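Data first, discussion second: the structure below is written as structure tokens.
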Amino acid sequence: MKRRKFIGMLAGAGACLAASSASAGGTHHFTGYPESFGVLFDSTKCIGCRKCEAACNKVNELPAQPVPFDDLTVMDKRRRTHHDTFTVVNKYAVGDKPVYRKQQCNHCLEPACASACFVGAFKKDKTGAVSYDASKCVGCRYCMIACPFEIPTYEYHDPVTPRVRKCTMCQPRIEEGKLPGCVEDCPKGALVFGRREDLLGIARERIRKHPDTYINHIYGENEMGGTSWLYISGAPFSQIGLREDLGITPAPQFTSGPLGVVPAIVGLWPVFLTGAYALTKRKEKISEEEQHHAVAEAVADAQAEAAKKLKAAMDKAERDKQAAVDREVKKALKDAEEARKKEAEAADAGEQ
Amino acid sequence: MSHHTTPDKKFWTPANILTAIILAVGLVLTVKRFTMGIGSVTNLTDDNPWGIWIGFDLLCGVALAAGGYTTSAAVYLFGMKKYHSAVRPAITTAFLGYAFVVFALLYDLGRYYRLPYPLTIYPGPTSFLFEVGLCVALYLTVLAIEFSPAVWETLRWKKMRHYAHSLTLVLTIFGVILSTLHQSSLGGLYLIAPSKLHPLWYSPYLALFFFVSSIPAGLSMVIFEGGLSHKFLHHKMDQTHIDEAPGVTLGFAKAAAVVLFGYFNLKWIGVAIDDNWHYLATGWGAWFLVEVIGFVLVPCLMYAVAAREKNQKLAFWASIVTVLGIVLNRLNISLVAFNWQLPSEFRYVPAWEEIMITVFIVTLEITVLRFCLSKLPILHEHPEFKEAH
Chain V
1 MKRRKFIGML
11 AGAGACLAAS
21 SASAGGTHHF
31 TGYPESFGVL
41 FDSTKCIGCR
51 KCEAACNKVN
61 ELPAQPVPFD
71 DLTVMDKRRR
81 THHDTFTVVN
91 KYAVGDKPVY
101 RKQQCNHCLE
111 PACASACFVG
121 AFKKDKTGAV
131 SYDASKCVGC
141 RYCMIACPFE
151 IPTYEYHDPV
161 TPRVRKCTMC
171 QPRIEEGKLP
181 GCVEDCPKGA
191 LVFGRREDLL
201 GIARERIRKH
211 PDTYINHIYG
221 ENEMGGTSWL
231 YISGAPFSQI
241 GLREDLGITP
251 APQFTSGPLG
261 VVPAIVGLWP
271 VFLTGAYALT
281 KRKEKISEEE
291 QHHAVAEAVA
301 DAQAEAAKKL
311 KAAMDKAERD
321 KQAAVDREVK
331 KALKDAEEAR
341 KKEAEAADAG
351 EQ
Chain E
353 MSHHTTPDKK
363 FWTPANILTA
373 IILAVGLVLT
383 VKRFTMGIGS
393 VTNLTDDNPW
403 GIWIGFDLLC
413 GVALAAGGYT
423 TSAAVYLFGM
433 KKYHSAVRPA
443 ITTAFLGYAF
453 VVFALLYDLG
463 RYYRLPYPLT
473 IYPGPTSFLF
483 EVGLCVALYL
493 TVLAIEFSPA
503 VWETLRWKKM
513 RHYAHSLTLV
523 LTIFGVILST
533 LHQSSLGGLY
543 LIAPSKLHPL
553 WYSPYLALFF
563 FVSSIPAGLS
573 MVIFEGGLSH
583 KFLHHKMDQT
593 HIDEAPGVTL
603 GFAKAAAVVL
613 FGYFNLKWIG
623 VAIDDNWHYL
633 ATGWGAWFLV
643 EVIGFVLVPC
653 LMYAVAAREK
663 NQKLAFWASI
673 VTVLGIVLNR
683 LNISLVAFNW
693 QLPSEFRYVP
703 AWEEIMITVF
713 IVTLEITVLR
723 FCLSKLPILH
733 EHPEFKEAH
């Protein structure tokens, strides 16, 4: 399948995204395989006989059910598909009469399960079926989280090889040229198998011919990007258990945008972080240099100060020395003068 | 700062007895899980395929292990050297956190033995889960190398320690890239299910929310564990760790206050972008306000006051509120607000065995962490490798 390509995986230093075939995340809108099949369910024709459930059980070789398929009381309770029940018919009270609606995998044109699966165990086949490959499955059950129709089920009690289970659209039978089991056994023609394009034509024609019987909407034509199973009904779809608030965006588009940011992060973060590191280093270097500079300056200042002090001290010492010499000289001169005076006085006294 | 256990200490303390009981029950349930299937110990159903093993063990486990990348980025890339002593404890917690996330995943995966499949045999790169798996695997490797010097030092393998240590810068950058990717992609997981997650929690910015909130989660865990180590492992800490601890607490508190405020504002942009204001008047809105005001704005303000007034005790309490808030947010997205439209009888409530296995894994992790902190040079420097950083 060559629908979309998405490149993921971290590269080089880390990882690089590997190209894959079953994929979402591209930019173009996938409208389905041109010749693919589908099934049209007409709720105005369904009588809730559970023949489709019995047929499904038989062709898929599922275990025997505790309640036989001709017991219609099971429909008093809301039921959903299980790992050994790929389809169920539920009864809804719309106005005063019951309306029945069959539930099974809708086989989306762009399946949420296939987009969510991290090992590519789901695949949209060109027959229209969304197939599951148990040999790849890791059992994370993200497909069940992702499915907006709450279809995939799980073998919770199998300890070693649990499988995800869901309707296969009887893909093996289609490839043999047979009808899906449920369609073959439907006694009222509530199920029509054919090319999806043809089914849309049939549905439109029925609505056009009986505008009072049908609501003018083909459920599955656009829901979640379109499904291979289509529904027409006289009762509002939200009243027969089909959510009308799902929108028409194919599931892979919810994640393709954010996933596209991955290469940007892988590309930008190393540049930014290395830059941050370089800035930090540079800041450290500059502050180190500034520190060196400051230290050198301080040392120089201190040295100059010391030299000045030394010089002052030496000058002072010089001055002191000179003063001392002067003092000594003065003293010596004074002493000499005094001695001379004494001598003169003594001489004077001797003469008298 | 002796790093030898005192031999006269009693082994059968009440804490150790409780640990032993939890580990024993956990082992029994482990055998049940792997012989009788996931369904034998969980309340998981086809409507609720992910329970607390994903919601708590994976989502919260990864968010709360974010201390590794936030601390090492702060110290090695942004040059905040004064937080250096916080790196090793943070890396240790992160490494064990991720290792136990992967261990816990083995319980949840139906075919756990195929865990490497997405990375080796069938890559599915359209899936956010693929990104989670790839990044967690690579990041666990990064953390193992970042953690290894503590082991090499103990073994005195100087060469190995030298090689591991010389990779620090590359590993730190790589760690931030991988963390950005997988922290955000855990939120990205839920982008594919807009019809199942309540609009107040579903946002095209989910991936951004998860990444941004992982930062205060990581910072808070560093503060929280730092506070606990101080109380219980003081004798294992050297003077550097003791001296730097208040700086780490207050510095991280300031950073957490800033990021939490940013996150608080982002959450409102998330409400505004899809014009979901009217939901605020419902019960879900009240619960949303409890989360965003009680567990984002309140701890933000607590941190801000703690940082300004240098109040370490308040920072410690703020870290607890933040951690609880992160857990609340992850559980709201994965369990509480998920499948909100399902009738209550189809909603998920964990089985006691499920909770017990989670308790078992957390206990195992704490036991290994206690062992590492007491035997390895994590809260103190190895005497032979001082000044080698």
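Sequence order for the protein chains is V and E. Taking our numbering, the leading residue of the first sequence gets 1, the next gets one more, and so forth. Taking our numbering, the leading residue of the second sequence gets 353, the next gets one more, and so forth. Glycine included, C-beta positions come from ideal geometry on N, C-alpha and C. None of these values were measured; they are calculated from a predicted model.
Own chain partners of residue i with C-beta closer than 6 Å, once the 5 adjacent residues on each side are dropped
{"i": "Asp133/V", "result": "Ala121"}
{"i": "Ile568/E", "result": "The sequence as given places Pro at residue 568/E; Ile does not occur at that position. Cβ within range, chain order: Ala608, Val611, Leu612, Thr674."}
{"i": "Cys147/V", "result": "Ala112, Cys113"}
{"i": "Ser354/E", "result": "Unreliable placement is indicated for Ser354/E, whose pLDDT of 43 sits below 50; no coordinate value is reported for it."}
{"i": "Lys619/E", "result": "Val644"}
{"i": "Ser555/E", "result": "Gly622"}
Alpha-carbon to alpha-carbon, residue j and residue i
{"i": "Gly95/V", "j": "Gln239/V", "result": "10 Å"}
{"i": "Gly462/E", "j": "Tyr214/V", "result": "44 Å"}
{"i": "Arg404/V", "j": "Ala597/E", "result": "It is not possible to answer for residue 404/V, since the shown part of chain V is limited to 1 through 352."}
{"i": "Gly578/E", "j": "His630/E", "result": "42 Å"}
{"i": "Asn57/V", "j": "Leu179/V", "result": "15 Å"}
{"i": "Ile218/V", "j": "Leu200/V", "result": "8 Å"}
{"i": "Lys341/V", "j": "Ala306/V", "result": "50 Å"}
{"i": "Arg208/V", "j": "Asp42/V", "result": "14 Å"}
{"i": "Cys724/E", "j": "Ala376/E", "result": "21 Å"}
{"i": "Ser23/V", "j": "Ser115/V", "result": "Only weak support exists for where Ser23/V lies, its pLDDT of 43 falling under 50; the coordinates are left without a value."}
{"i": "Arg319/V", "j": "Ala302/V", "result": "25 Å"}
{"i": "Thr371/E", "j": "Ser726/E", "result": "17 Å"}
{"i": "Ala367/E", "j": "Leu716/E", "result": "13 Å"}
{"i": "Gly26/V", "j": "Ser256/V", "result": "With a pLDDT of only 47 at Gly26/V, under the threshold of 50, the placement of this residue in the model should not be trusted, and no figure is reported."}
{"i": "Arg440/E", "j": "Leu552/E", "result": "38 Å"}
Sequence-distant residues of the same chain with beta carbon closer than 7 Å to residue i, five excluded per side
{"i": "Leu558/E", "result": "Gly539, Gly540, Tyr542, Leu543"}
{"i": "Asp125/V", "result": "Ser131, Gln171"}
{"i": "Arg682/E", "result": "Gly407, Leu411, Cys412, Ala415"}
{"i": "Lys548/E", "result": "Phe690, Asn691"}
{"i": "Lys102/V", "result": "Phe41, Cys46, Cys52, Thr87, Val89"}
{"i": "His550/E", "result": "Trp636, Ala689, Trp692"}
{"i": "Leu72/V", "result": "Gly48, Arg50"}
Cβ separation of residue i and residue j, assumed to be a contact under 8 Å, to the nearest whole Å
{"i": "Glu150/V", "j": "Asp399/E", "result": "6 Å"}
{"i": "Thr506/E", "j": "Leu721/E", "result": "Contact flag wrong, Cβ pair sits at about 16 Å."}
{"i": "Gly225/V", "j": "Leu62/V", "result": "Rounded, the Cβ-Cβ distance is 30 Å, inconsistent with contact."}
{"i": "Pro159/V", "j": "Thr387/E", "result": "6 Å"}
{"i": "Ala422/E", "j": "Gly570/E", "result": "Note that residue 422/E is Thr in the sequence shown, not Ala. So it is a contact: roughly 4 Å between Cβ atoms."}
{"i": "Phe563/E", "j": "Ala496/E", "result": "In fact, because the Cβ distance is near 23 Å, the residues do not count as touching under 8 Å."}
{"i": "Ile713/E", "j": "Asp409/E", "result": "6 Å"}
{"i": "Ser572/E", "j": "Leu731/E", "result": "Ser572/E to Leu731/E, Cβ: 19 Å. No contact."}
{"i": "Val59/V", "j": "Val67/V", "result": "That belief does not hold up - the Cβ atoms of Val59/V and Val67/V are roughly 19 Å apart, past 8 Å."}
Other residues of its chain near residue i: CB distance less than 8 Å, five sequence neighbours each side excluded
{"i": "Val119/V", "result": "Lys136, Cys137, Val138"}
{"i": "Glu175/V", "result": "Thr127"}
{"i": "Leu230/V", "result": "Gly38, Val39, Leu40, Phe41, Arg196, Leu199, Leu200, Ala203, Ile218, Tyr219, Gly220, Glu221"}
{"i": "Gly599/E", "result": "Lys434, Tyr435"}
is_contact[residue i, chain A] using C-beta, thresh 8 Å
{"i": "Gly260/V", "result": "The chain labelled as chain A is not found among the protein chains of the depicted structure, namely V and E."}
Inset, instruction - Pull out every residue of the segment 243 to 256 of chain V whose Cβ sits closer than 9 Å to any Cβ of chain E, in chain order. - result: Answer set for the segment 243 to 256 of chain V: Arg243, Asp245, Leu246, Gly247, Thr249, Ala251, Pro252, Phe254, Thr255, Ser256.
Inset, instruction - Scan the segment 291 to 304 of chain V for residues whose Cβ lies nearer than 8 Å to a Cβ of chain E and list them as they occur along the chain. - result: Correct list: empty, as no residue qualifies.
Legend entry - Three CB pairs or more closer than 8 Å across the segment 651 to 664 of chain E and the segment 683 to 701 of chain E: no
Inset, instruction - State whether the segment 575 to 592 of chain E contacts the segment 422 to 432 of chain E, with contact taken as three or more CB pairs (one from each stretch) at a distance under 8 Å. - result: Cβ pair count under 8 Å is below three, so no.
Legend entry - Segment contact, 8 Å Cβ cut-off, at least three pairs: the segment 730 to 739 of chain E with the segment 494 to 510 of chain E: yes
Inset, instruction - Check whether the segment 528 to 539 of chain E touches the segment 409 to 419 of chain E, counting contact only when three or more Cβ pairs, one atom from each stretch, lie closer than 8 Å. - result: yes
Inset, instruction - Note down, in chain order, all residues in the segment 374 to 402 of chain E with a beta-carbon under 7 Å from any beta-carbon belonging to chain V. - result: Listed in sequence order: Phe386, Thr387, Met388, Gly389, Ile390, Gly391, Ser392, Leu396, Asp398, Asp399, Pro401, Trp402.
Legend entry - Contact set between the segment 128 to 149 of chain V and chain E, restricted to residues whose Cβ is under 8 Å from the partner: Listed in chain order, the positions of the segment 128 to 149 of chain V with a beta carbon within less than 8 Å of a beta carbon of chain E are Lys136, Cys137, Val138, Gly139, Cys140, Arg141, Tyr142, Met144, Ile145, Ala146, Pro148.
Inset, instruction - Evaluate contact between the segment 86 to 93 of chain V and the segment 32 to 51 of chain V, counting only Cβ atoms and requiring at least three cross-stretch pairs below 8 Å. - result: Segments in contact, yes.
Legend entry - Against chain E: residues of the segment 268 to 282 of chain V by CB proximity under 8 Å: Trp269, Pro270, Leu273, Thr274, Ala276, Tyr277, Thr280, Lys281
Inset, instruction - Using a Cβ-Cβ cut-off of less than 9 Å, list which residues of the segment 508 to 536 of chain E approach chain V; keep chain order. - result: Leu521, Val522, Thr524, Ile525, Phe526, Val528, Ile529, Leu530, Thr532, Leu533, Ser536
Legend entry - Against chain V: residues of the segment 438 to 449 of chain E by CB proximity under 7 Å: Correct list: empty, as no residue qualifies.
Legend entry - chain E contacts from the segment 65 to 86 of chain V (Cβ-Cβ distance under 9 Å): Arg78, Arg80, Thr81, His82, His83
Legend entry - Under 7 Å (Cβ pairs) to chain V, residues found in the segment 553 to 585 of chain E: Ala559
Inset, instruction - Pair every Cβ in the segment 251 to 268 of chain V with every Cβ in the segment 284 to 292 of chain V, then say whether three or more of these pairs are closer than 8 Å. - result: no
Inset, instruction - Pair every Cβ in the segment 519 to 526 of chain E with every Cβ in the segment 467 to 475 of chain E, then say whether three or more of these pairs are closer than 8 Å. - result: No: fewer than three Cβ pairs fall under 8 Å.
Legend entry - Near-chain V residues of the segment 477 to 509 of chain E (beta-carbon distance less than 7 Å), N- to C-terminal order: Pro477, Thr478, Ser479, Phe480, Leu481, Phe482, Glu483, Gly485, Leu486, Leu490
Legend entry - Interface residues of the segment 694 to 716 of chain E facing chain V [CB-CB below 7 Å]: Flagged: no residues at all.
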